[in-house]
Amino acid sequence: MTPNRFVFYLKVQRVEQACLFELSWGRGQQIGVTVPYPETLTTLYQEWSTVYLSFYKQALRGRVSQMGNLNTPPIDWHAKLVQAEAKLLYEFHQWLRRGELFELRSRIVQVVRDQGMKDIPIIEIFLTCNPLELARLPWEAWEIGTEFAAPSQIHILRTPLTIQGTTVTPRRRRRARVLVIWGDDTGLDFKADQEAVRSLTGIAEVVFVSWQPGQDGNALKTEIVKQITDERGWDILFFTGHSNETILTGGEFAIAPGVSVNFSEIATPVKIAKERGLQFALFNSCNGLSLANSLIDLGLSQVAVMREPIHNQVAQEFLVQFLQRLAQFHDVQESLREACQYLKLEKHLTYPSAYLVPSLFRHPDAPPFCLEPRGWKQQVKGWLPTKLEAIALLVLMFLSLRPGVQDFLLERRVWMQSVYRNITAQTPTDKSPPVLLVHIDRDSLIHANIDARRINPIDRTYLARLIDQLTALDAKVIGLDYLLDSPTDEDEVLAQSIQHAIDKKQTWLVFAAVKTGNEELGIIDSLAHPNWSLEAYINAPLWYAKLLPAHTSCADSCSFAYLLALARAANQTPIDPNLPQPQRLTETDSSAIFRTRLVSYLDQNPAPNPLTAFLHELRLPSITNPSRNFQQLWLYPIIDFSIPPDYAYQTIAAWELLENTNNAPTPEQLKQQVVLIAAGGYDQAGVTDGGSDNFPIPLAVDYWRSQNPQLNYPPVFTGGEAHAYTMHHLLSQRLVIPIPDLWMVGMAAFLGKGMVLIISERRQIKIWHWLVLLTSATAIYGLIGLQVYISAALLVPLFLPSVTIGIYALYIVARRY
92 MTPNRFVFYL KVQRVEQACL FELSWGRGQQ IGVTVPYPET LTTLYQEWST
142 VYLSFYKQAL RGRVSQMGNL NTPPIDWHAK LVQAEAKLLY EFHQWLRRGE
192 LFELRSRIVQ VVRDQGMKDI PIIEIFLTCN PLELARLPWE AWEIGTEFAA
242 PSQIHILRTP LTIQGTTVTP RRRRRARVLV IWGDDTGLDF KADQEAVRSL
292 TGIAEVVFVS WQPGQDGNAL KTEIVKQITD ERGWDILFFT GHSNETILTG
342 GEFAIAPGVS VNFSEIATPV KIAKERGLQF ALFNSCNGLS LANSLIDLGL
392 SQVAVMREPI HNQVAQEFLV QFLQRLAQFH DVQESLREAC QYLKLEKHLT
442 YPSAYLVPSL FRHPDAPPFC LEPRGWKQQV KGWLPTKLEA IALLVLMFLS
492 LRPGVQDFLL ERRVWMQSVY RNITAQTPTD KSPPVLLVHI DRDSLIHANI
542 DARRINPIDR TYLARLIDQL TALDAKVIGL DYLLDSPTDE DEVLAQSIQH
592 AIDKKQTWLV FAAVKTGNEE LGIIDSLAHP NWSLEAYINA PLWYAKLLPA
642 HTSCADSCSF AYLLALARAA NQTPIDPNLP QPQRLTETDS SAIFRTRLVS
692 YLDQNPAPNP LTAFLHELRL PSITNPSRNF QQLWLYPIID FSIPPDYAYQ
742 TIAAWELLEN TNNAPTPEQL KQQVVLIAAG GYDQAGVTDG GSDNFPIPLA
792 VDYWRSQNPQ LNYPPVFTGG EAHAYTMHHL LSQRLVIPIP DLWMVGMAAF
842 LGKGMVLIIS ERRQIKIWHW LVLLTSATAI YGLIGLQVYI SAALLVPLFL
892 PSVTIGIYAL YIVARRY
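Mapping of the sequence shown onto this note's numbering: position 681 corresponds to residue 772, and the numbering continues sequentially without gaps.
Next comes the structure, spelled out in structure tokens:
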């Protein structure tokens with residue numbers, strides 16, 4: 092059983108005065124019926140054949156023995172042929188409607204209904220007749236199933252009694268190749284045939300071979316063999332001319348005046364052509380039963396022949412109609428049926444009985460052959476998704492665009508990356524964290540006896556103590572992840588510490604600011620003036636590294652972690668002596684703002700070192716801005732939690748820094764580090780409300796923490812840790828860019844559709860082979876994706892693309908079974 096088809100095999104064999112009908116289907120089911128053979132049927136067939144030859148006595152594409160003088164007396168052969176056809180078909184149908192065949196006829200319809208296959212468009216009956224005289228009857232006219240209201244079309248196809256050869260898989264070519272052999276045209280006119288065949292040149296490569304006046308017969312035979320065995324192969328073989336049946340040589344056809352070729356002479360070349368892709372042969376000539384049997388026995392997929400002598404004009408009409416439908420990409424089975432229907436309905440007055448003559452022989456193992464459209468429109472059409480594919484694809488695309496789904500998958504993808512990095516021992520080689528994270532945690536607040544009511548806003552005298560301690564340790568760059576936007580009673584103490592750090596050490600201080608709509612909140616001028624301090628935004632997409640948008644200057648808008656990294660880079664060796672330094676100025680105009688002066692200098696002068704140049708030129712991809720208009724962060728760098736926290740930053744509690752414990756940094760360490768003072772996980776931490784600076788621990792970070800349970804980690808993941816991670820990525824010049832899920836789903840759909848098209852063409856390969864190959868390829872894709880993350884800093888989505896491929900795989904299995 093092939094898709095959209097249910098197959099039966101019917102063998103009809105005559106033994107003396109009886110015919111044995113054997114019907115088989117499915118998995119060995121069969122029934123047998125013996126029916127008396129009416130000799131009247133043979134007599135009526137012979138009468139029809141005699142009248143048929145008398146009507147079409149001229150321009151036949153075969154050699155017919157002399158039938159005597161039919162010119163006198165005048166006879167209306169048309170009327171006699173119509174009558175002979177009617178008598179033959181009446182007797183034929185009466186025989187096939189006998190009660191003995193009732194079970195056979197009804198079983199064909201009932202089997203299909205029992206299978207629940209009411210929507211199957213085609214029932215195929217492969218008919219084998221023995222002896223050859225039985226095969227001459229017009230079996231294609233059998234109206235089987237009409238009395239039972241068959242749910243599907245019933246096609247009768249012929250197949251030989253003996254089949255020794257096997258079919259081959261059609262070859263995919265850029266264009267189909269057609270070999271046309273023009274035979275002996277004595278008494279014939281091939282002009283209409285030639286025009287009909289040339290109509291295929293738009294969709295196929297057509298090559299003609301024909302006899303030329305003066306050409307030797309043996310030379311022509313050699314040329315025909317050479318063309319048939321062409322290494323490029325053929326899809327279709329056409330022969331037009333005279334042909335005839337032979338008993339021992341499998342049929343013969345005339346290639347030139349007085350020169351004929353027996354099939355046995357070209358059997359080997361045709362077999363070679365079959366191995367090189369030949370699928371279909373059409374002998375538009377007379378008496379082709381022997382040729383058809385021989386070709387199918389050889390393993391050719393399908394052959395169309397004329398069982399009887401055929402008039403030249405009838406052959407031309409048939410060929411034109413057949414090729415028109417073949418050029419419309421109908422299969423040969425449908426093309427032949429429609430061409431016969433045309434002769435029956437449109438040309439029955441001109442060419443009576445002509446529709447009964449063509450027959451299609453097909454190898455039971457071969458699907459109906461058809462030309463495949465090769466133009467770009469057809470190729471695009473073949474790649475378009477089916478209804479089910481489109482629904483599945485739309486669902487996956489919708490999921491890939493949902494921010495919640497993206498965050499869910501991203502967190503698990505980075506966790507998987509952490510496990511892979513740990514198993515393969517691919518952690519960073521440099522374990523000197525570029526960031527010192529000073530956590531003001533609950534223990535620090537307890538050590539300092541700070542009242543809980545003074546936690547939010549934080550006690551600024553405590554911040555002053557931390558700045559003083561860091562200044563004493565010669566910290567060069569200090570960031571405060573606290574929003575100091577409103578005055579308090581402790582402002583004077585903090586202001587003095589800030590001014591001392593600027594005046595004595597020229598410390599670079601970066602303060603937090605937020606932007607909500609058009610409103611900006613940052614440090615008040617009474618604490619630090621923008622002329623000699625830096626201010627940057629702590630707003631950032633969750634778990635993404637906040638960078639400058641394309642075509643944006645840090646002078647206008649700068650993220651907190653980015654500005655801290657830029658300040659650290661600007662103070663790396665070698666230090667540019669002309670680089671603007673933090674020092675208190677009296678100017679209040681915007682041109683004197685320290686951040687503006689710093690950016691302007693870098694714009695106009697070479698950066699003092701490669702890191703500064705990298706950060707100064709770093710911008711988000713241009714596609715990121717428009718993608719945010721529909722809530723997407725395409726190619727927006729992520730925070731790479733696959734790196735262990737202790738490789739990205741060093742953490743110290745504020746109380747340990749103030750009490751100078753063993754964990755406290757040395758001046759030598761601080762020369763290489765950025766210091767970030769941030770909340771350490773106490774409940775009231777945050778800008779908007781209590782706890783807003785505390786986040787659930789990312790899975791990857793939780794994995795790394797579980798590998799070092801002896802370390803004292805906060806019970807949450809803090810905003811300071813996110814800033815520290817981002818600074819690490821910037822200072823190490825490594826940003827992981829995620830490929831959007833939508834893009835990879837689209838690519839997976841393309842590959843999946845290609846897989847469907849390839850597998851559908853190679854049905855001889857078992858489906859489990861493809862599933863093993865697909866599973867292996869998916870696993871390899873996953874491993875490559877994990878390694879590309881580390882080696883090329885690209886995050887390739889794994890889950891949704893794999894699901895996309897899996898859906899196409901299930902679709903293939905469903906179609907196959």
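Beta carbons: idealized from backbone N, C-alpha and C, even for Gly.
State the CB to CB distance for the pair residue i and residue j, rounded to an integer number of angstroms; the pair is presumed to be in contact (CB under 8 Å).
i	j	result
Pro-400	Leu-144	6 Å
Phe-705	His-814	Actually they are not in contact, since the Cβ atoms of Phe-705 and His-814 sit about 19 Å apart, beyond 8 Å.
Arg-398	Ser-450	5 Å
Thr-809	Gly-772	6 Å
Gly-308	Val-350	4 Å
Leu-380	Val-396	7 Å
Ala-641	Pro-697	Not a contact, Cβ separation roughly 22 Å.
How is residue i classed by DSSP in three states: helix, strand or coil?
i	result
Leu-571	strand
Arg-96	strand
Val-200	helix
Ala-347	strand
Tyr-433	helix
Asn-785	strand
Glu-750	coil
Phe-460	coil
Thr-866	helix
His-169	helix
Leu-702	helix
Ile-666	coil
Arg-266	coil
Pro-892	helix
Ile-216	strand
Ile-768	strand
Gln-775	coil
His-333	coil
Met-158	Here Met-158 scores only 46 on pLDDT, less than 50, and its place in the model is too uncertain to base an answer on.
Asp-550	coil
For the candidate residues the options, whose alpha-carbon lies nearest to that of residue i?
i	options	result
Asn-353	Glu-322, Thr-320, Leu-369, Ile-315	Ile-315
Leu-886	Arg-264, Thr-292, Trp-725, Tyr-433	Trp-725
Leu-802	Pro-736, Leu-485, Val-766	Pro-736
Leu-172	Tyr-511, Ala-870, His-439, Glu-286	His-439
Val-486	Ala-177, Leu-833, Glu-238	Leu-833
Gly-190	Ile-216, Pro-127, Val-203	Pro-127
Thr-895	Leu-874, Gly-873, Val-836	Val-836
Asp-550	Phe-146, Ile-199, Leu-877, Tyr-573	Tyr-573
Ile-898	Ser-444, Leu-479, Gly-570	Leu-479
Between which two residues does the beta strand (DSSP E) harbouring residue i extend?
i	result
Trp-325	Neither: Trp-325 is in no beta strand (DSSP E) and is coded neither H nor E.
Lys-606	599-607
Gln-393	393-397
Leu-248	244-249
Val-690	No beta strand (DSSP E) contains Val-690, which is instead part of the alpha helix (DSSP H) from 685-695.
Pro-449	449-453
Go to residue i, then tell me how far its alpha helix (DSSP H) extends in each direction, as first and last residue.
i	result
Pro-127	Run containing Pro-127: none in the alpha helix (DSSP H); it sits in the beta strand (DSSP E), 120-127.
Arg-292	Note on residue identity: the sequence assigns Thr, not Arg, to residue 292. Note, Thr-292: premise wrong, no alpha helix (DSSP H); not H, not E.
Glu-610	Not the alpha helix (DSSP H): Glu-610 falls in the beta strand (DSSP E), residues 610-612.
Ser-491	478-492
Val-584	582-596
How about residue i and residue j: are their beta carbons less than 8 Å apart?
i	j	result
Pro-524	Ala-739	yes
Thr-742	Leu-528	yes
Tyr-446	Cys-431	yes
Ala-661	Thr-687	no
Ala-658	Val-601	yes
Ile-830	Pro-888	yes
Asp-284	Leu-410	yes
Ala-483	Gln-393	no
Val-288	Val-271	yes
Pro-578	Ser-617	yes
Ile-199	Gly-236	yes
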